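**Student:**
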Amino acid sequence: MGRAGLQPSEGLLLERCDAIHMMFMRFRIDAVFLRTGGEVLRVVEGLRPWLGIAWCPGAASTLELAAGRAALVGVRPGDTLVIEEASAP
Numbered sequence: 011m012g013r014a015g016l017q018p019s020e021g022l023l024l025e026r027c028d029a030i031h032m033m034f035m036r037f038r039i040d041a042v043f044l045r046t047g048g049e050v051l052r053v054v055e056g057l058r059p060w061l062g063i064a065w066c067p068g069a070a071s072t073l074e075l076a077a078g079r080a081a082l083v084g085v086r087p088g089d090t091l092v093i094e095e096a097s098a099p
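The numbering used here numbers the first residue of the sequence shown as 11 and each following residue consecutively.
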């Protein structure tokens, strides 16, 4: 919230999160719901600002990506993601 958008290489990992809403957001995002260990349970593409809501029972975390990024890199349920923390510039 409060940002104009996400860069293609950016994401936001929300730990202990199995549901998100798009209130106060200014841009579309893709949401990737993950099990502990990084297994993709569900991918929701193009959530719209102010209108979108998504959830996934059993998810341990949610990765928010720039809209279209999940399809571009081919993220699908059953994949396992390795998430590396980037240092701040």
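A virtual CB, placed ideally from N, CA and C, is assigned to each residue, including glycine.
Note that the structure is a prediction, hence the values are computed from the model and not measured.
Assuming the contact rule is C-beta atoms closer than 8 Å, valine 50 and arginine 86 should be a hit. Round their C-beta distance to whole Å, please.
**Tutor:** That pair is a contact at about 7 Å.
**Student:** Got a sec? Which residues, its chain only, sit under 8 Å from glycine 88 by beta carbon, not counting five neighbours each side?
**Tutor:** If we look at glycine 88 and ignore the five residues flanking it on each side, its Cβ neighbours are Glu49 and Val50.
**Student:** Do leucine 16 and leucine 73 come within 9 Å of each other at the CB atom, strictly closer than that value?
**Tutor:** Cβ distance not < 9 Å, so leucine 73 and leucine 16 don't count as in contact.
**Student:** Using the Cβ count rule (16 or more neighbours within 10 Å means buried), how would you classify leucine 82?
**Tutor:** The residue in question, leucine 82, is exposed, as its Cβ has fewer than 16 Cβ neighbours within 10 Å.
**Student:** Under the three-state reduction of DSSP, which class applies to valine 54: helix, strand or coil?
**Tutor:** In this structure, valine 54 counts as strand in the three-state DSSP scheme.
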